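Protein sequence lines, in the order shown, are assigned to chains A and B. Last residue of the first sequence? That's 364 in the numbering used here, and every number before it is there in order. Last residue of the second sequence? That's 224 in the numbering used here, and every number before it is there in order. Report on the structure given below.
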Amino acid sequence: MTHSEGLHVHFTKRLASITLEMQFSVGREILVLFGPSGAGKTQTLNVISGLSYPDQGSICIDGVQLFQRDDSRTTIDVPARDRRIGYVFQSYALFPHLTALENVGYSIRKRSDREPQSRSLLARMHLEDLADRYPSELSGGQQQRVAIARALAAEPRVLLLDEPFSALDHSIREALHEELCRIQEESQLGVIYVTHNLDDALAVSHRLAVVNDGRVVQIGSWDKVIVQPATREIAGILGLPNVLDARVVEHTSEGTELDWDGVRLKTQRLEAAGGELVSVFVHPGNVRLNGESDSGIRGKYKRRHPGRSAVRIVVELTNGREIELLEPSQPLNFNDIVDITIPRESVQILGRTSPEGAKMPGNT
Amino acid sequence: MIELLTRMNWNALVLSIQVTLVATLLLSVLGLALAFIVARYNFPGQAILETLINLPLVLPPTVLGYYLLLLLGREGPFVSFFGVNLLFTWPAAAIASAIMGLPLMFQASRAAIAAIDPAIENAARTLGSSESEVFWRITLPLARRGIIAGLILGSARSLGEFGATLMIAGNIPGRTQTLPLAIYDAVQNREYAGANRMVLVMSVLSLGGLLIVRRLESSFARRG
Numbered sequence: 001m002t003h004s005e006g007l008h009v010h011f012t013k014r015l016a017s018i019t020l021e022m023q024f025s026v027g028r029e030i031l032v033l034f035g036p037s038g039a040g041k042t043q044t045l046n047v048i049s050g051l052s053y054p055d056q057g058s059i060c061i062d063g064v065q066l067f068q069r070d071d072s073r074t075t076i077d078v079p080a081r082d083r084r085i086g087y088v089f090q091s092y093a094l095f096p097h098l099t100a101l102e103n104v105g106y107s108i109r110k111r112s113d114r115e116p117q118s119r120s121l122l123a124r125m126h127l128e129d130l131a132d133r134y135p136s137e138l139s140g141g142q143q144q145r146v147a148i149a150r151a152l153a154a155e156p157r158v159l160l161l162d163e164p165f166s167a168l169d170h171s172i173r174e175a176l177h178e179e180l181c182r183i184q185e186e187s188q189l190g191v192i193y194v195t196h197n198l199d200d201a202l203a204v205s206h207r208l209a210v211v212n213d214g215r216v217v218q219i220g221s222w223d224k225v226i227v228q229p230a231t232r233e234i235a236g237i238l239g240l241p242n243v244l245d246a247r248v249v250e251h252t253s254e255g256t257e258l259d260w261d262g263v264r265l266k267t268q269r270l271e272a273a274g275g276e277l278v279s280v281f282v283h284p285g286n287v288r289l290n291g292e293s294d295s296g297i298r299g300k301y302k303r304r305h306p307g308r309s310a311v312r313i314v315v316e317l318t319n320g321r322e323i324e325l326l327e328p329s330q331p332l333n334f335n336d337i338v339d340i341t342i343p344r345e346s347v348q349i350l351g352r353t354s355p356e357g358a359k360m361p362g363n364t
Numbered sequence: 001m002i003e004l005l006t007r008m009n010w011n012a013l014v015l016s017i018q019v020t021l022v023a024t025l026l027l028s029v030l031g032l033a034l035a036f037i038v039a040r041y042n043f044p045g046q047a048i049l050e051t052l053i054n055l056p057l058v059l060p061p062t063v064l065g066y067y068l069l070l071l072l073g074r075e076g077p078f079v080s081f082f083g084v085n086l087l088f089t090w091p092a093a094a095i096a097s098a099i100m101g102l103p104l105m106f107q108a109s110r111a112a113i114a115a116i117d118p119a120i121e122n123a124a125r126t127l128g129s130s131e132s133e134v135f136w137r138i139t140l141p142l143a144r145r146g147i148i149a150g151l152i153l154g155s156a157r158s159l160g161e162f163g164a165t166l167m168i169a170g171n172i173p174g175r176t177q178t179l180p181l182a183i184y185d186a187v188q189n190r191e192y193a194g195a196n197r198m199v200l201v202m203s204v205l206s207l208g209g210l211l212i213v214r215r216l217e218s219s220f221a222r223r224g
């Protein structure tokens, strides 16, 4: 992706509760903006689409400047109607007085193209039989398909989806996720997908941008973000397990040893004084169960935990704390004693903790 | 003589229809514009504007007529601005009728426009529609039930206008005497046969209007 290709967003906007300071780029991929409600995700889509104004910043797509405002002087402001940015709203926002076919054809100017193009888009979304229905006669999933077809009909340069499937059943959601991925692959369109649901985020994202308090706090491929959250705050937003506070005990030739309420953790060399409290994260996939060997940490298998991509199990360690790991292939009984190993390189430092140990600002 | 008086007062009926049509035209343009502005924008003085529009609902028509007399009279701003004196002409009756019907039109249209999900209009914008296109293709069709209902109620109110019309247009048979005024005259002169006919015509027109409102509402209701 050269600099001019794709969508480049960089703006600030003061809202009642927070100030948005957004900066990111989207290529021919699905970028998920993930974060809690009120983090400013929808506002960001509104600014990109031209439905609301940032205080300053620039929005540029494929080398075309859509918006430019510095020092309270707006030099470029392409109106929403000319931006060619497809927007699928959370409420679908279909035109209730028009049929599915008319909704899709709304933006097609040339009369002779309108019907054939709308029909082929509906067919692409498996809706050809429902062309003459009004939105009120369609299910939520069907309405959302019409909304996507309608946005695609305008031949957008980028497609924005705001919590698009949040009101739909799980199975319909999965089908629509597949469809969205297929459409993106076929059209090589840039897509921004906003959600506060991590399952949705993981299902579609090529890259994941974690948004909190109006800014992107971490961006990267989703597996990278999930395995290596940059801060404790991000791990919290992602709802990750195995975030713990441990105290620096000593530095050895191999690295640093930490004390986690009586359990020894080995990490790579850490620049921290003895006695200092640090937050660490261990991805469940990196915790190993090692059968009879007693080289590791001992605990008791407590319960299963149906997770997002795989089932995890919870082990209660000798210090009374719990750690999660992926379910092993061999069967376990509750309260079985197990030995686990936490490899040195998989212990990720999220930052220093304040003495109280609870909340702290992240540092990277 | 009696034969003549029992016949329908065609002059008054034609004049009433003429006044109501012009009043309806004024109502639809002014009422819709005001409803749209109040429903879609926030601006200082909005509450005052809304109160002024709704004033005819509570003000005695004669008081309103008196204000209009000041406004349209020889010393008033209308004459000095446009150089036309409308007092005691049928257009004055049309203006008075339109102002009396305006609150009904305004209320119904504003509620209908405000009820539209702004996301629907925003969707049209992102699909390439200009503001006027959004209005004609989205806002107006979606608010049509409320707008048409408001228009019919407003014009029915205009058709029945009496007090304010009397104040500024007078009661000149053949020139400014509308049906309600003619009915009053007929009753004053104990010409009950004529009054009966005119009352019947007024009742049929008003009932018909309300029936049309109902028909429109139920035919649009199918699409929700």
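Even glycine gets a Cβ: it sits at the ideal position worked out from N, Cα and C. The model shown is predicted, which means the values in this text are computed figures rather than measured ones.
DSSP state of residue i mapped onto helix, strand, coil
| i | result |
| --- | --- |
| A:Leu317 | strand |
| A:Pro229 | coil |
| A:Val104 | helix |
| B:Val201 | helix |
| A:Gly362 | Residue placement at A:Gly362 cannot be trusted, given a pLDDT of 40 that sits under 50; what the coordinates show is reported in the next sentence. Reduced to three states, the DSSP call for A:Gly362 is coil. |
| A:Tyr301 | strand |
| A:Leu94 | coil |
| A:Val287 | coil |
| B:Ala112 | helix |
| A:Thr99 | coil |
| B:Gly230 | Look at the range of chain B in this structure, 1 to 224, and you will see that residue 230 of chain B is not part of it. |
| A:His126 | coil |
| B:Phe81 | helix |
| A:Gln184 | helix |
| B:Thr176 | coil |
| B:Asn9 | coil |
| A:Gln142 | helix |
| A:Ala272 | coil |
| B:Phe162 | coil |
| B:Ser130 | coil |
Cα-Cα separation, residue i to residue j
| i | j | result |
| --- | --- | --- |
| A:Leu160 | A:Gln23 | 16 angstroms |
| B:Val134 | B:Tyr41 | 15 angstroms |
| A:Glu372 | A:Val287 | In the structure displayed, chain A extends from 1 to 364; residue 372 of chain A sits before or after that span and is not available. |
| B:Phe82 | A:Leu7 | 55 angstroms |
| B:Leu71 | A:Ile192 | 58 angstroms |
| B:Ser296 | A:Gly239 | Residue 296 of chain B lies beyond the range of chain B shown here (1 to 224); nothing can be said about it. |
| A:Ala154 | B:Leu26 | 38 angstroms |
| A:Gly140 | A:Ala273 | 56 angstroms |
| A:Arg352 | A:Asp200 | 31 angstroms |
| A:Leu265 | A:Asp259 | 6 angstroms |
| A:Glu174 | A:Glu128 | 21 angstroms |
| A:Ser205 | A:Glu179 | 13 angstroms |
| A:Thr19 | A:Val211 | 12 angstroms |
| B:Val204 | B:Trp136 | 33 angstroms |
| A:Glu276 | A:Leu152 | 55 angstroms |
| A:Ser118 | B:Val213 | 35 angstroms |
| A:Ile172 | A:Ser120 | 22 angstroms |
| A:Gly38 | B:Phe78 | 53 angstroms |
| A:Asn335 | A:Val47 | 53 angstroms |
Proximal residues to residue i (C-beta, below 6 angstroms), its chain only, five neighbours per side dropped
| i | result |
| --- | --- |
| B:Ala186 | Gly194, Ala195 |
| A:Arg303 | Val314 |
| B:Thr24 | Ser155 |
| B:Leu216 | Ile148 |
| B:Asn171 | Gln177, Leu181 |
Neighbour list for residue i in chain B, Cβ cutoff strictly below 9 angstroms
| i | result |
| --- | --- |
| A:Phe95 | Ile120, Ala123, Ala124, Arg137, Ile138, Pro141, Leu142 |
| A:Ser49 | Asn122, Arg125, Thr126 |
Interface partners of residue i on chain A, CB under 7 angstroms
| i | result |
| --- | --- |
| B:Gly128 | Arg81, Ser107, Ala154 |
Residues near residue i in its chain [Cβ-Cβ closer than 8 angstroms; skip 5 each side]
| i | result |
| --- | --- |
| B:Leu49 | Leu34, Val38 |
| B:Tyr66 | Met167 |
| B:Met202 | Leu159, Gly160, Leu179, Pro180, Ile183 |
Own chain residues within Cβ distance below 7 angstroms of residue i, not counting five before or after
| i | result |
| --- | --- |
| A:Ile349 | Thr267, Leu270, Val278, Val280 |
| B:Thr178 | Ala12, Leu15, Ser16, Val19, Ala93, Thr165 |
| A:Pro284 | Pro241, Asn242, Arg312, Glu324, Leu325, Leu326 |
Contacts of residue i in chain B (Cβ-Cβ under 8 angstroms)
| i | result |
| --- | --- |
| A:Gly86 | Thr126 |
| A:Phe89 | Ala119, Asn122, Ala123 |
beta-carbon residue i near the ligand ZN non-hydrogen atom, thresh 7 angstroms
| i | result |
| --- | --- |
| A:Glu128 | Ligands in the displayed structure: none, and consequently the ligand ZN is not present. |
>> Please give the ranges of any beta strand (DSSP E) in the region 189-240 of chain A, keeping only runs that are unbroken, at least 3 residues long and fully inside the region.
In response: 190-195, 207-212, 215-221
> Which full runs of the beta strand (DSSP E) of 3+ residues lie inside the region 61-88 of chain A, going along the chain?
Replying inline: 64-70, 73-77, 85-88
>> Which runs of the beta strand (DSSP E) at least 3 residues long sit entirely within the region 8-40 of chain A? Give them in chain order.
In response: 19-26, 30-34
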